[in-house]
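A.B. asks: Let me begin by handing over the structure; questions about it come next.
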Amino acid sequence: MSALHYPTPPAVSLLTSFLKRGAWKGTLPRIEARADAIPTECAAYAKVCGFAAPDPLPLTWPGVATVGLQLAIMTSPAFPLPVTGIVHTRQRITRRRHLRAGEALSATCVVDGHRVARSGGEFDLVVSVSSAGEVVWEGVTTILTRPIKGHGGEREAVDAPPPTGALVRSTRWRVPADQGRRYAAVSGDYNPIHLYGLTARPFGFKAAIAHGWWTLARALAELDADVPEACTVDARFVAPVTLPGTVTFEARRSPEGIGFEVRGRKVCIVGRVVG
Amino acid sequence: MQKPILLTPIPPPPPEQRVARDARFAAEGERRHRYHLPEALDSANPIGFRTRVPLTMDEAAQAAALLSLEPPAAFVPPTAAPTEAELFEEASLGVLSSRQSTNYRGHRQVTLGPADAATLAGLLRRLDGLDARPGGSPVLDGAAYAHVGLSRPYRTPFTFLLTFIGHQPVASLLTVPVRAWNKKFHYQDDIPTIGYLQHLHIGIWAEALERAALLASAGRRRANVLMAPFSGPELQAKNAAVLAEIEALVGLTDADRAVGWRVCLVAQVGDVTTPSPLTPEVCRKVGANLLAFRSERIQPGVNAEDKAPPAYQTRQDMEVPQGLTEMAARAAYNAFYRWTGVDREAAKELMLLERIDVLTPNGKERLRAVRTELDAVTDKLVAGIPLWADLPTGRSLSKNAARGKKAFGLAGQRIYVGGLAPKKVDAAGIGFLHAVRAFGAAAARSALVCELAGCIDLPAGCDLLAGICLMAGPVNQNDIGKQFYGGADLLSGAYPDDEPCALLVWTLKAKTVADPIGNEEQLLNAKQKGALVDLRAAPHEVAAVRRDGKIEPIRSREGRVNAERAFADVGNFVTDHEGREIPGNRGSAWPEAWRGSVW
Numbered sequence: 000m001s002a003l004h005y006p007t008p009p010a011v012s013l014l015t016s017f018l019k020r021g022a023w024k025g026t027l028p029r030i031e032a033r034a035d036a037i038p039t040e041c042a043a044y045a046k047v048c049g050f051a052a053p054d055p056l057p058l059t060w061p062g063v064a065t066v067g068l069q070l071a072i073m074t075s076p077a078f079p080l081p082v083t084g085i086v087h088t089r090q091r092i093t094r095r096r097h098l099r100a101g102e103a104l105s106a107t108c109v110v111d112g113h114r115v116a117r118s119g120g121e122f123d124l125v126v127s128v129s130s131a132g133e134v135v136w137e138g139v140t141t142i143l144t145r146p147i148k149g150h151g152g153e154r155e156a157v158d159a160p161p162p163t164g165a166l167v168r169s170t171r172w173r174v175p176a177d178q179g180r181r182y183a184a185v186s187g188d189y190n191p192i193h194l195y196g197l198t199a200r201p202f203g204f205k206a207a208i209a210h211g212w213w214t215l216a217r218a219l220a221e222l223d224a225d226v227p228e229a230c231t232v233d234a235r236f237v238a239p240v241t242l243p244g245t246v247t248f249e250a251r252r253s254p255e256g257i258g259f260e261v262r263g264r265k266v267c268i269v270g271r272v273v274g
Numbered sequence: 000m001q002k003p004i005l006l007t008p009i010p011p012p013p014p015e016q017r018v019a020r021d022a023r024f025a026a027e028g029e030r031r032h033r034y035h036l037p038e039a040l041d042s043a044n045p046i047g048f049r050t051r052v053p054l055t056m057d058e059a060a061q062a063a064a065l066l067s068l069e070p071p072a073a074f075v076p077p078t079a080a081p082t083e084a085e086l087f088e089e090a091s092l093g094v095l096s097s098r099q100s101t102n103y104r105g106h107r108q109v110t111l112g113p114a115d116a117a118t119l120a121g122l123l124r125r126l127d128g129l130d131a132r133p134g135g136s137p138v139l140d141g142a143a144y145a146h147v148g149l150s151r152p153y154r155t156p157f158t159f160l161l162t163f164i165g166h167q168p169v170a171s172l173l174t175v176p177v178r179a180w181n182k183k184f185h186y187q188d189d190i191p192t193i194g195y196l197q198h199l200h201i202g203i204w205a206e207a208l209e210r211a212a213l214l215a216s217a218g219r220r221r222a223n224v225l226m227a228p229f230s231g232p233e234l235q236a237k238n239a240a241v242l243a244e245i246e247a248l249v250g251l252t253d254a255d256r257a258v259g260w261r262v263c264l265v266a267q268v269g270d271v272t273t274p275s276p277l278t279p280e281v282c283r284k285v286g287a288n289l290l291a292f293r294s295e296r297i298q299p300g301v302n303a304e305d306k307a308p309p310a311y312q313t314r315q316d317m318e319v320p321q322g323l324t325e326m327a328a329r330a331a332y333n334a335f336y337r338w339t340g341v342d343r344e345a346a347k348e349l350m351l352l353e354r355i356d357v358l359t360p361n362g363k364e365r366l367r368a369v370r371t372e373l374d375a376v377t378d379k380l381v382a383g384i385p386l387w388a389d390l391p392t393g394r395s396l397s398k399n400a401a402r403g404k405k406a407f408g409l410a411g412q413r414i415y416v417g418g419l420a421p422k423k424v425d426a427a428g429i430g431f432l433h434a435v436r437a438f439g440a441a442a443a444r445s446a447l448v449c450e451l452a453g454c455i456d457l458p459a460g461c462d463l464l465a466g467i468c469l470m471a472g473p474v475n476q477n478d479i480g481k482q483f484y485g486g487a488d489l490l491s492g493a494y495p496d497d498e499p500c501a502l503l504v505w506t507l508k509a510k511t512v513a514d515p516i517g518n519e520e521q522l523l524n525a526k527q528k529g530a531l532v533d534l535r536a537a538p539h540e541v542a543a544v545r546r547d548g549k550i551e552p553i554r555s556r557e558g559r560v561n562a563e564r565a566f567a568d569v570g571n572f573v574t575d576h577e578g579r580e581i582p583g584n585r586g587s588a589w590p591e592a593w594r595g596s597v598w
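Here the protein sequences come in this chain order: Z and D. The opening position of the first sequence corresponds to residue 0 in numbering that gives the first Met the number 0, with each subsequent residue numbered one higher. The opening position of the second sequence corresponds to residue 0 in numbering that gives the first Met the number 0, with each subsequent residue numbered one higher.
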């Protein structure tokens with residue numbers, strides 16, 4: 000096991016991570032990173048994502064505030080896979096209570112092994128955010144990586160099925176061309192696939208795409224008060240939101256919770272909030 | 000006193016004759032047209048595509064109280080501060096929807112908090128020509144807030160077209176630019192009835208404000224609407240100094256004034272001790288219904304397009320109960336009395352109404368004569384449009400003018416032509432433009448009688464039982480004939496000695512199928528296909544609040560604008576036969592944290 004204790008990866012690690020190439024066989028080792036403090040000032044972030052207020056902290060903010068931890072793991076020498084070409088496929092968030100601006104929060108992030116999926120390997124980055132020793136927020140970020148060979152079998156059923164129940168929200172978002180750049184400025188995620196069409200094309204995209212974290216955050220901001228204080232969110236990223244674009248957001252309430260979907264020409268995100 | 004209104008249900012036809020709107024999405028690969036549901040709605044307007052909500056007789060009896068509302072006599076200290084959510088729904092029933100069928104954006108409102116409302120009350124008391132109100136000053140103290148309404152002259156593509164009519168062939172090269180100049184900079188209208196439209200709309204808005212305040216607050220608050228001192232150039236000149244102070248309070252700029260924006264009404268809103276005539280649940284239902292009412296232009300089997308689905312091609316000879324038309328007239332006289340202060344008997348004298356009962360031979364003949372007369376005017380104006388303007392634009396002017404024949408087609412079981420006689424109005428001591436506003440209010444209220452009655456005990460599978468279309472187009476067409484071609488007023492046959500001025504036509508249709516969604520799409524979507532771009536105003540475009548000395552648009556914050564549909568909890572959204580909704584139509588609630596108290 001490797002234990003890291005810095006919130007952001009050193010540039011040299013980032014560079015060497017890009018140099019990792021080729022297929023990889025083996026088992027991902029357990030790597031843990033820890034940050035004694037994470038930022039809680041997120042007014043600009045809240046605005047870009049459409050949250051009404053930065054306090055209490057937006058449900059997705061701890062995930063963004065700990066991206067540095069996640070990168071620290073994925074760029075550490077002990078992590079055998081390249082950081083390029085990874086795909087954020089699923090996000091699970093559990094919030095025990097509201098987190099307040101100015102609250103002293105610490106975080107840990109752990110990766111421990113992987114699974115073989117249809118088109119590659121999947122691993123989970125498990126982030127736990129604590130306040131005064133008590134875990135108040137947990138996030139599981141599932142990443143697909145191609146250097147691990149997939150089993151090539153049948154496409155897995157989407158875990159979060161299309162929402163059913165009574166329609167409670169249905170609205171359209173016009174996502175502007177600069178959305179990726181605006182989000183990058185407040186999240187620090189300057190992945191070129193989100194910035195311009197020109198910078199996205201070398202990575203196989205015809206146009207820039209919105210950050211998955213932004214799309215999820217925007218969806219949760221739209222649900223607003225329908226998201227209870229203590230809740231679990233499970234979202235599956237099915238296809239990216241192409242920039243610029245117009246998508247439809249729909250949410251349906253059922254006894255199982257609130258299911259939501261962001262859809263452009265095809266489904267982009269499907270998820271559920273359970274209180 | 001206003002007389003109470005009793006809503007009379009309309010007997011539905013036998014089940015085998017009932018039809019419903021064929022609301023469905025276009026199949027994949029199928030060519031979309033205006034009878035299909037739109038693929039999506041992308042709009043910040045609070046209305047969306049709505050269906051009527053059935054009312055029971057008991058609910059309708061409660062709703063009928065809205066048709067004889069007296070203005071409040073006093074306000075009491077508020078039990079709770081007004082919330083942003085309440086102001087939004089009030090604006091939704093007022094400035095955002097009181098004009099149902101045009102894309103004329105001629106109204107804006109600025110809402111003042113309690114302190115500014117108190118300042119405003121002081122200013123109002125200094126105005127000349129305040130509304131008549133038995134028992135003292137119409138200006139009240141203790142308002143929780145106040146809306147200041149602004150309006151500008153009526154200008155649409157139709158009024159642009161009017162610039163080119165009625166000119167001599169060669170002289171038009173000079174007279175057209177002169178008229179355009181006068182329209183733009185001196186607010187002169189091509190024909191008088193276009194000028195009156197602005198005031199008819201103000202009256203309709205004033206009416207809507209009274210109901211909106213009550214419904215949005217679940218009966219807790221009432222609106223005290225004043226519009227007399229703001230109507231007409233004489234009063235505006237007399238009140239210029241006070242009006243300038245009010246304009247400064249609401250942030251009216253010189254640029255606004257230059258395009259004709261002026262204060263047109265004020266609504267003081269406050270808590271009252273009078274018990275609400277409607278339960279909170281009925282307030283929600285009626286509010287949702289008010290957003291669903293649309294101009295009903297189509298009479299199945301009479302003026303439906305050939306390409307319309309079969310539901311629109313089947314004639315429905317439904318009977319309109321006599322009681323309903325009597326109540327519609329009573330509501331109109333109530334409103335005219337409410338807004339002018341003349342007693343109801345005098346109102347009956349002043350409001351000129353010609354009833355065309357289409358189901359009788361005489362009525363049919365009269366309707367034919369009106370249609371022929373209007374079509375003849377259209378032919379003349381098309382022939383007279385200057386070629387130097389028409390040819391370079393691909394004859395778009397004459398083509399648009401020719402469309403008037405279809406747009407102004409009159410159809411319905413009952414048709415009323417309404418207007419005023421300027422001399423009689425003057426003799427009654429009422430300013431003519433104020434009377435026009437009161438007439439607009441009266442027309443809107445009588446239409447509402449029919450629309451609400453049309454919702455009583457709606458049988459399953461029916462869209463509605465009665466719809467109304469208030470039309471100014473036929474009157475404008477008639478006015479063109481009067482001004483340029485020596486024609487007579489539409490009402491001159493019925494009132495030969497009064498030198499009448501027709502102002503509106505309303506056509507009542509009893510039927511079981513609502514107009515196709517396409518009628519709305521015509522107004523909403525320039526391309527009339529695909530995902531809609533709603534041309535109706537968003538809240539932030541026409542409504543603002545004054546807070547801490549600043550004028551801030553409502554429902555525009557932190558980069559977000561409104562996506563909420565007012566009274567959405569009632570759930571009256573259009574669906575297809577399988578219950579599928581139009582994506583984006585239901586909307587999404589404004590963030591809870593922003594819905595609290597405003598001041």
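C-beta: ideal position from N, C-alpha, C; glycine also. This one's a predicted model, so the numbers in the text were calculated from it and none came from an experiment.
Ala51(Z) and Trp505(D) - do their beta-carbons sit closer together than 8 Å?
C.D. replies: Against a cut-off of 8 Å, the Cβ pair of Ala51(Z) and Trp505(D) comes out as no contact.
A.B. asks: Tell me the DSSP secondary structure of Ile245(D) in three-state form.
C.D. replies: Residue state, collapsed to three classes: helix.
A.B. asks: Output yes or no for whether 8 Å exceeds the beta carbon distance between Ala331(D) and Ala222(D).
C.D. replies: No, Cβ-Cβ distance for Ala331(D) and Ala222(D) is not below 8 Å.
A.B. asks: Excluding five sequence neighbours on each side, which residues of the same chain lie with their C-beta closer than 8 Å to the C-beta of Gly128(D)?
C.D. replies: Cβ within range, chain order: Ala227, Pro228, Leu234, Lys237, Asn238 and Gly430.
A.B. asks: Do His193(Z) and Ala184(Z) have their CB atoms nearer than 8 Å?
C.D. replies: No, these two residues do not count as a Cβ contact at 8 Å.
A.B. asks: To test your reading of the DSSP string, which unbroken beta strand (DSSP E) runs of 3 or more residues are found completely within the region 383-451 of chain D?
C.D. replies: For the region 383-451 of chain D, whole beta strand (DSSP E) runs of length 3 or above, ordered along the chain, are 413-419.
A.B. asks: Output the boundary residues of the beta strand (DSSP E) element that contains His106(D).
C.D. replies: His106 to Leu111 is the span of the beta strand (DSSP E), which, as asked, contains His106(D).
A.B. asks: Give the list of continuous beta strand (DSSP E) stretches no shorter than 3 residues that lie fully inside the region 212-284 of chain D.
C.D. replies: As far as the region 212-284 of chain D is concerned, its whole beta strand (DSSP E) runs of at least 3 residues are 220-225 and 261-270.
A.B. asks: Nearest chain D C-beta to Lys205(Z) closer than 8 Å, yes or no?
C.D. replies: No, its Cβ sits nowhere closer than 8 Å to a Cβ of chain D.
A.B. asks: Would you grab the beta carbon distance between Asn584(D) and Val52(D) for me? Rounded to a whole angstrom, and I think it's under 8 Å.
C.D. replies: About 16 Å; that fails the 8 Å criterion.
A.B. asks: Asn584(D) CB to nearest chain Z CB: under 8 Å?
C.D. replies: Asn584(D) counts as touching chain Z.
A.B. asks: Assuming Ile268(Z) and Leu222(Z) form a contact by the criterion Cβ under 8 Å, report the distance between their Cβ atoms to the nearest whole angstrom.
C.D. replies: Incorrect: roughly 12 Å between the Cβ atoms, too far for contact.
A.B. asks: Using the DSSP secondary-structure output, state which residues sit across from Lys549(D) in a beta bridge.
C.D. replies: Paired residue(s): Arg546(D).
A.B. asks: Got a sec: is the Cβ-Cβ distance from Trp505(D) to anything in chain Z below 8 Å?
C.D. replies: No - not a single Cβ of chain Z is within 8 Å of the one on Trp505(D).
A.B. asks: Use the C-beta contact count for Arg125(D): other C-beta atoms within 10 angstroms, 16 or more gives buried, fewer gives exposed.
C.D. replies: It counts as exposed.
A.B. asks: Grouping DSSP H, G and I as helix and E and B as strand, with all else coil, what is Trp505(D)?
C.D. replies: Residue state, collapsed to three classes: strand.
A.B. asks: Go to Ala565(D), then tell me how far its beta strand (DSSP E) extends in each direction, as first and last residue.
C.D. replies: Per DSSP, Ala565(D) belongs to no beta strand (DSSP E) and is neither H nor E.
A.B. asks: Just to make sure I have the definition right: I need the residues of chain Z whose C-beta is within less than 9 Å of the C-beta of Gly417(D). Which are they?
C.D. replies: Under the 9 Å cutoff, chain Z gives no residues; its nearest Cβ is about 40 Å from Gly417(D).
A.B. asks: Assuming Gln108(D) and His146(D) make a contact with CB atoms under 8 Å, what is their CB distance in whole Å?
C.D. replies: The pair is a contact, with the Cβ atoms about 5 Å apart (cut-off 8 Å).
A.B. asks: Taking C-beta to C-beta, are Ala106(Z) and Leu68(Z) nearer than 8 Å?
C.D. replies: Closer than 8 Å, so yes.
A.B. asks: When DSSP labels each residue in this structure, what does Met0(D) get in the three-state scheme?
C.D. replies: Here Met0(D) sits in coil by DSSP.
A.B. asks: Let's test the definition: count the other Cβ atoms within 10 Å of the Cβ of Glu69(D) and tell me whether it reaches 16, buried, or not, exposed.
C.D. replies: Flag for Glu69(D) reads exposed.
A.B. asks: Taking only runs that begin and end inside the region 185-236 of chain Z, name each unbroken alpha helix (DSSP H) of 4 or more residues, in chain order.
C.D. replies: Segments of the alpha helix (DSSP H) lying fully in the region 185-236 of chain Z: 196-199 and 211-222.
A.B. asks: To the nearest angstrom, how far is it from the Cα of Thr241(Z) to the Cα of Ala142(D)?
C.D. replies: Each residue's alpha carbon lies about 50 Å from the other.
A.B. asks: Which same chain residues, not among the five before or five after Ser445(D), have their C-beta less than 8 Å away from its C-beta?
C.D. replies: Closer than 8 Å at the Cβ level, and outside the excluded window around Ser445(D), lie Ala327, Ala328, Ala330, Ala331, Ala334 and Trp505.
A.B. asks: Does Pro590(D) come within less than 8 Å of chain Z when only Cβ atoms are used?
C.D. replies: Judged by the 8 Å Cβ criterion, Pro590(D) is in contact with chain Z.
A.B. asks: Can you look up Cys500(D) in the DSSP assignment and give me helix, strand or coil?
C.D. replies: Cys500(D) falls in the strand class under three-state DSSP.
A.B. asks: According to DSSP, simplified to helix, strand and coil, what is Met317(D)?
C.D. replies: Coil.
A.B. asks: Please report how far the alpha carbon of Arg256(D) lies from the alpha carbon of Pro232(D), in whole angstroms.
C.D. replies: Taking the straight line joining both Cα atoms gives about 14 Å.
A.B. asks: Classify Gln476(D) as buried or exposed, calling it buried when 16 or more other Cβ atoms lie within 10 Å of its own Cβ.
C.D. replies: With 16 or more other Cβ atoms within 10 Å, it is buried.
A.B. asks: Taking the Cβ atom as the reference point for each residue, do Val174(Z) and Leu58(Z) lie within a distance shorter than 8 Å?
C.D. replies: No; because the gap between Cβ atoms is not below 8 Å, this pair is not in contact.
A.B. asks: Excluding five sequence neighbours on each side, which residues of the same chain lie with their C-beta closer than 8 Å to the C-beta of Cys454(D)?
C.D. replies: So the qualifying residues of the chain are Arg51, Val52, Pro53, Leu54, Ala59, Asn288, Leu463 and Leu464.
A.B. asks: Return the first residue and the last residue of the alpha helix (DSSP H) that Leu172(D) is part of.
C.D. replies: Ser171 to His185 is the span of the alpha helix (DSSP H), which, as asked, contains Leu172(D).
A.B. asks: To the nearest angstrom, how far is it from the Cα of Glu277(Z) to the Cα of Thr93(Z)?
C.D. replies: Look at the range of chain Z in this structure, 0 to 274, and you will see that residue 277(Z) is not part of it.
A.B. asks: Within 10 Å of its beta-carbon, does Leu531(D) have 16 or more other beta-carbons around it, so buried, or fewer, so exposed?
C.D. replies: Any answer about Leu531(D) is weak, because its pLDDT of 41 lies below 50 and its placement is not dependable; what the coordinates show is given next. The residue is buried, with at least 16 neighbouring Cβ atoms inside 10 Å.
A.B. asks: Spell out whether any CB of chain D is found under 8 Å from the CB atom of Ala224(Z).
C.D. replies: Closer than 8 Å: yes.
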